[in-house]
Amino acid sequence: MEKKEVAAFFDRCAPWWDEDMVRHEDIIAKILDNGGIRADMDVLDVACGTGVLFPDYLARGVASVTAIDLSPEMVKIARSKFPQVKVICGDVEETEFDRLFDAVMVYNAFPHFPDPAHLVEVLAGLVKPGGRLSVAHSMSRAALTDHHKRASTVSIELLEEHELAQLFAPWFDVDVILSDERMYQVSGVRRSGASA
């Protein structure tokens with residue numbers, strides 16, 4: 000999978016992305032609760048798309064939302080909908096940020112990164128000690144695998160939740176491992192002194 004192909008795929012999807020988005024409010028609330036999203040936090044939304052979670056972060060009173068996406072068209076839409084959010088067009092694995100974050104969220108996007116271990120290592124370096132990293136999907140692993148059959152050139156199979164937790168282990172105390180018929184999430188707290 001080439002990142003150029005991923006960006007081009009999502010550029011093509013951007014015009015109708017919001018129209019086709021199905022939100023399950025209870026699942027999103029649980030994902031954000033498990034991810035520790037609350038008032039006065041600095042949040043990084045990785046592969047933010049058109050900003051589907053931005054209103055949820057803002058409703059919780061976070062101090063700031065920084066978001067990044069590879070697709071220029073997705074970024075354009077996210078910026079137009081949420082001018083109060085700093086939205087960066089770029090590759091999170093190559094971007095230098097001017098701060099660390101209390102929470103980093105990868106929502107409905109993890110299979111679009113070709114090297115999960117490298118991504119987790121990079122993201123660990125962006126989380127403050129005591130902060131959280133969450134990888135979450137608002138559908139089951141089986142449903143996501145079926146969904147991605149249509150996008151197999153721009154996605155890989157989602158790791159089993161315990162495999163992903165093992166990738167977190169060098170930097171995070173994993174306290175959420177969830178995979179059921181409605182959602183998937185692995186989340187952990189960054190240990191002090193764990194260098195990425």
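Under numbering that gives the first Met the number 0, the first residue of the sequence shown is numbered 0, with each subsequent residue one higher.
C-beta: ideal position from N, C-alpha, C; glycine also.
For clarity, every value in this text was computed on a predicted model and none was experimentally measured.
Option in 41, 173, 75 and 38 with minimal Cα separation from residue 11: 75
Reduced DSSP category for residue 128 - H, G, I as helix; E, B as strand; rest coil: strand
Distance between residue 30 and residue 128 (C-alpha atoms, nearest Å): 21 Å
Inter-residue spacing [alpha-carbon to alpha-carbon] between residue 40 and residue 104: 12 Å
Assigned secondary structure, residue 184 (DSSP; H/G/I helix, E/B strand, else coil): strand
Limits of the alpha helix (DSSP H) - the one that residue 199 falls within: The structure shown does not extend to residue 199, since the chain is modelled only from 0 through 195, so no value can be given for it.
Burial state of residue 170, where buried means 16 or more other Cβ atoms lie within 10 Å: buried
Inter-residue Cα distance where the pair is residue 99 and residue 189: 12 Å
Straight-line Cα distance separating residue 180 from residue 87: 33 Å
Whole-number beta carbon distance between residue 67 and residue 47, since they are thought to touch under 8 Å: 7 Å
Which of helix, strand or coil DSSP assigns to residue 12: helix
Environment of residue 21 [buried if 16+ CB atoms lie within 10 Å]: exposed
Check whether residue 94 and residue 4 have beta carbons under 8 Å apart: no
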